[in-house]
């Protein structure tokens with residue numbers, strides 16, 4: 435029993451990331467009708483937002499401490515972050531320590547901005563082009579974004595630790611322990627998913643967007659400036675992917691190709707959930723995350739070797755062949 | 002026995018009854034028009050004939066063989082060609098290449114892997130294609146990219162592609178929809194010519210009464226998914242039931 | 380000539396001339412000159428040019444003609460490589476049986492994967508092929524280790540049986556791949572003044588195979604089969620209602636392109652007898668997509684150009700470092716030179732991927748016909764200047 439609960443828990447953090455990325459992909463696909471292969475890159479940029487913030491917060495000045503010397507006998511240069519000198523050493527260092535959660539505030543405007551630029555500058559011109567063209571151009575964009583990040587941050591993963599208060603291990607029951615940050619990540623993703631759904635459900639803006647997802651032309655005929663709303667939607671989707679990336683840093687150190695790694699799986703998730711279905715994307719994200727974690731159990735692997743590596747793809751193939759619309763897809767979307 | 006026998010065909014979409022108790026017999030070498038107000042089920046009926054939809058009940062026999070459950074390409078190979086409401090052609094190909102495809106389908110059947118021979122060596126087929134293009138006055142456009150042609154030309158090309166297969170039954174789905182008067186008249190002339198010169202049966206769905214009465218030998222009026230009347234054109238004109246059906250729509 | 384019309388024959392002859400003279404064309408700089416590092420005429424790279432050319436030609440038969448975008452074609456390349464290496468291990472070091480087996484095995488895999496994947500179209504097809512390829516990749520890394528040797532990759536050893544050959548040579552080393560005795564590693568250098576040109580046996584074997592593959596693809600493009608494939612891309616509905624069943628056609632195209640990929644994989648192993656799972660990864664599939672689109676999908680010569688361009692970027696363009704840049708711009712005043720180098724720096728050398736990505740985006744956005752369309756537009760521009768009458772060139776979709 436415990437091991438089952440543990441596997442479910444283990445699946446949740448990856449599932450959360452899948453769900454968040456797939457949610458954004460589906461938003462973009464459902465509203466704009468665009469297949470965005472650069473979405474993984476947005477996730478990756480989000481993760482690097484927290485790297486950037488960490489660096490900004492760590493900006494330091496050097497002083498020479500005459501009381502200490504290095505091994506050659508020279509006076510030691512000591513780096514002091516500006517924050518520590520402004521807010522005092524304690525306050526300053528704890529701000530630095532909390533750089534990942536703080537990066538949420540930093541990432542939201544950055545990601546929305548990037549989303550706007552992407553949509554207005556590039557995606558807009560591809561609404562009427564075939565899906566293959568959209569895939570190709572966003573694939574190119576993903577390469578470009580990835581290479582820019584690689585140029586500035588290098589090819590190696592960069593550690594972005596969680597604040598100490600959240601990086602321990604939680605004793606859930608007498609026998610189950612689980613990293614605190616993963617619980618945080620799961621709750622955070624639920625929060626974001628809830629916020630997106632509430633936004634779509636309870637605001638007029640959301641209503642128009644939902645109507646647009648159902649029938650774009652009719653909404654356009656009502657004289658509603660649907661294009662502009664969709665630009666904002668793209669910004670929101672970018673922010674969702676970015677936030678998923680920001681908070682994922684402490685689980686997996688950000689590197690420039692993490693976006694591509696997640697992209698492939700997220701597409702599989704979207705397809706399993708049903709193209710254009712938001713609840714489907716979330717459901718499939720969590721389901722596949724948990725399934726993957728079950729497949730990695732030792733008992734399962736000894737039974738069917740290698741199953742943990744291929745389970746997601748296998749599920750996707752079976753779903754696509756038996757239920758082409760995915761778990762919760764609507765009729766007529768991309769058939 | 003007609004060449005096409007539709008018996009007791011019914012089709013529902015969820016709660017909506019699109020077709021019920023449709024009985025229709027199309028006689029060989031006639032032009033049979035199916036008219037009716039919007040939403041009468043004309044297009045649904047047509048889709049049931051070509052394999053796009055499968056009716057819930059009833060049977061559709063073509064030359065004594067059932068078409069139900071067969072896929073569109075099999076039904077075409079039986080001798081039924083369809084012209085769409087908006088012309089469906091191969092927009093990326095030239096007019097000439099468009100013509101070659103139905104010719105290959107006619108000669109080789111639904112599938113044959115000719116990967117090594119060259120299209121330009123198919124002398125007889127090329128001659129046939131050119132002859133057909135000449136008949137519809139499009140020989141001078143043979144190298145044109147077909148997507149860049151006018152709607153009227155696309156319609157003529159589509160018609161030529163269907164005719165070159167020498168189908169026994171030609172299904173026309175509002176062939177003059179959205180056409181200017183002059184184009185409509187040209188199409189009527191073309192269809193008349195086809196009818197007179199060939200052994201062909203035509204079933205036509207049409208809104209434009211002018212077209213219907215210039216072509217049809219027999220007219221079926223469809224309303225709310227059921228045939229209302231079937232008669233010769235001159236008897237349809239003043240038929241009270243028909244007027245009722247159309248007036249009903251006007252309300 | 381050979382059943383081709385005049386235009387295609389000319390194209391084929393040009394390609395024959397270019398590939399046969401490649402050792403000269405790709406080594407334009409004298410060995411001692413500073414530009415010698417931009418010489419691409421060494422056997423290893425030349426082989427890669429033509430092998431990836433074959434891969435892209437095959438991919439183009441599927442994507443360029445039918446419009447089905449496969450994101451999993453590298454799987455067939457990997458399968459081809461594994462099959463060939465196994466042939467070297469078990470049978471003999473002659474490359475013919477190895478390459479034949481790789482084509483056949485890749486074809487069988489393509490038949491199965493294609494049969495399943497082609498039940499869906501559009502993005503669903505792309506995702507299915509991607510899923511199959513990623514599965515093959517993951518399996519090759521893990522469970523199939525006895526067949527693939529996992530992360531290390533499949534290599535020849537001194538203990539391989541090689542029934543028709545020898546396990547090891549007289550001096551106790553692993554025998555080299557050959558074509559009836561002609562060793563693939565064999566090469567001779569021709570030195571003309573300051574220039575040096577390398578003629579490699581392996582390259583010429585690959586080049587001949589590529590020419591055959593290219594010739595086959597011209598025949599396919601001009602055949603009724605090719606016409607059907609283009610019709611599938613254009614309007615599947617009309618094709619259905621014209622009495623044709625698109626499924627066998629697309630499947631045949633998928634299998635043929637899979638066999639081309641297997642051929643490329645087999646040749647790769649024939650030149651360098653090892654095979655690794657990373658050849659099957661989806662990024663490798665992405666690469667052949669890039670090649671085909673960049674050169675011009677649906678055109679005859681485009682994929683070969685695209686493959687050449689990307690491999691040139693990867694191997695030569697990536698060598699441009701700051702020193703080279705400084706030497707290029709040394710004629711400028713110091714401050715200007717530094718800033719120019721600073722601006723260019725991210726795009727060259729290790730940043731070649733960035734340049735490639737940008738070019739690719741530009742091509743997809745503005746030149747859907749790739750480099751070939753670009754060339755045609757330029758040619759048309761010149762023609763228009765020459766002739767007074769700007770008769771619009773008749774559109775020949777497949778050139």
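Chains as they are written, first to last, in the numbering used here: chain A, 435 to 769; chain B, 2 to 252; chain C, 380 to 778. Idealized CB from N, CA, C, for every residue including glycine.
Members of the stretch 113–131 of chain B near chain C, C-beta cut-off 7 Å: 114, 115, 116, 117, 118, 119, 120, 121
Below 8 Å on the Cβ atoms is my contact criterion, and I expect residue 480 of chain A with residue 675 of chain A to pass it. Report the Cβ-Cβ distance as a whole number of Å. About 6 Å separates the beta carbon of residue 480 of chain A from that of residue 675 of chain A, a gap short enough to meet the 8 Å contact definition.
- Query: For residue 150 of chain B versus residue 103 of chain B, is the C-beta spacing smaller than 8 Å?
  - Reply: no
task: Would you check if the distance between the CB atom of residue 96 of chain B and the CB atom of residue 142 of chain B is smaller than 8 Å?
output: Yes, the Cβ-Cβ distance between residue 96 of chain B and residue 142 of chain B is below 8 Å.
field: Partners in chain C for residue 732 of chain A, counting only beta-carbon separations shorter than 9 Å
entry: Neighbours of residue 732 of chain A on chain C: none; closest Cβ ~14 Å, over 9 Å.
- Look at the Cβ atom of residue 12 of chain B, then the Cβ atom of residue 49 of chain B, and state whether they are nearer than 8 Å. yes
- Message: Distance check for residue 617 of chain A and residue 453 of chain A, CA to CA, integer angstroms please.
- Response: 15 Å
Q | Opening and closing residue of the alpha helix (DSSP H) in which residue 156 of chain B lies | A | 152–164
| Contact belief for residue 436 of chain C with residue 546 of chain C at Cβ below 8 Å, rounded distance in angstroms | That pair is no contact at about 36 Å.
Can you check which of these residues, B/223, B/242, B/217, B/37, is closest to residue 1 of chain B by C-alpha distance? The shown model of chain B, from 2 to 252, leaves out residue 1 of chain B, and the question about it has no answer.
Closest by C-alpha distance to residue 487 of chain C, when choosing among C/554, C/640, C/745: C/640
(Q) I want to see whether chain B comes within less than 8 Å of residue 679 of chain C, judged by CB atoms only; does it? (A) The beta carbon of residue 679 of chain C does not come within 8 Å of any beta carbon belonging to chain B, so the residue lies off that interface.
- Task: Would you list the one or two residues that DSSP bridges to residue 574 of chain C?
- Result: C/571
Exposure label - residue 32 of chain B; buried when at least 16 CB within 10 Å
buried
Going by the DSSP bridge assignment, what does residue 32 of chain B pair with across the sheet? B/203
| Under a three-way DSSP split, which group does residue 64 of chain B fall into? | coil
Provide the residue span of the beta strand (DSSP E) that contains residue 496 of chain A, from first to last.
494–503
| said: Less than 8 Å between the beta carbons of residue 7 of chain B and residue 61 of chain B, yes or no? | reply: yes
Inset, instruction - Would you kindly check if the distance between the Cβ of residue 222 of chain B and the Cβ of residue 237 of chain B is under 8 Å? - result: yes
query: Per DSSP, what kind of secondary structure is residue 699 of chain C in: helix, strand or coil?
result: coil
Checklist entry - Tell me which same chain residues have a C-beta within less than 8 Å of the C-beta of residue 590 of chain A, skipping the five on either side of it? => result 689
Exercise for review: Please report the residue range of the alpha helix (DSSP H) in which residue 545 of chain C lies.
Suggested key: It is not in any alpha helix (DSSP H) - residue 545 of chain C carries neither H nor E in the DSSP assignment.
Residue 91 of chain B: contacting residues in chain C (beta-carbon distance under 7 Å):
610, 613, 614, 617
Check whether the Cβ of residue 225 of chain B sits closer than 7 Å to any heavy atom of the ligand NAD, and report yes or no. The ligand content of the structure shown is nil, which means the ligand NAD is not present either.
Worksheet item: How about residue 492 of chain C and residue 511 of chain C: are their beta carbons less than 8 Å apart?
Response: By the CB criterion at 8 Å, residue 492 of chain C and residue 511 of chain C fall inside the cutoff.
- Cut-off 6 Å between Cβ atoms - residues of its own chain near residue 156 of chain B, not counting five sequence neighbours on either side: 88
**Item:** Cβ-Cβ distance between residue 531 of chain A and residue 598 of chain A below 8 Å
**Value:** yes
- Message: In chain order, what are the residue ranges of uninterrupted beta strand (DSSP E) at least 3 long that sit wholly in the stretch 466–495 of chain A?
- Response: none
| Of all the options A/587, A/555, A/509, A/557, which has the alpha carbon lying nearest to the alpha carbon of residue 482 of chain A? | A/587
| Between residue 9 of chain B and the rest of its own chain, which residues show a CB-CB distance below 8 Å, the 5 nearest in sequence each way excluded? | So the list reads 22, 23, 24, 58, 59, 60, once near-sequence residues are dropped.
Name the DSSP bridge partner or partners of residue 515 of chain A?
Partner(s): A/494.
Quiz prompt | Spatial distance of residue 611 of chain A from residue 605 of chain A (CA atoms) | solution = C-alpha of residue 611 of chain A to C-alpha of residue 605 of chain A: approximately 5 Å in a straight line.
If we call anything under 8 Å between Cβ atoms a contact, is residue 458 of chain A one with residue 473 of chain A?
-> yes
Here's the rule I'm using: 16 or more other beta-carbon atoms within 10 Å means buried, otherwise exposed. How should residue 182 of chain B be labelled?
Taking all protein chains shown into account, residue 182 of chain B has fewer than 16 neighbouring C-beta atoms within 10 Å of its C-beta and is therefore exposed.
Worksheet item: Among all the DSSP beta bridges, which residues are the ones paired with residue 11 of chain B?
Response: B/58
Next on the checklist: Is there a C-beta anywhere in chain B that falls below 8 Å from the one on residue 442 of chain C?
Outcome noted: So no, residue 442 of chain C is outside the interface.
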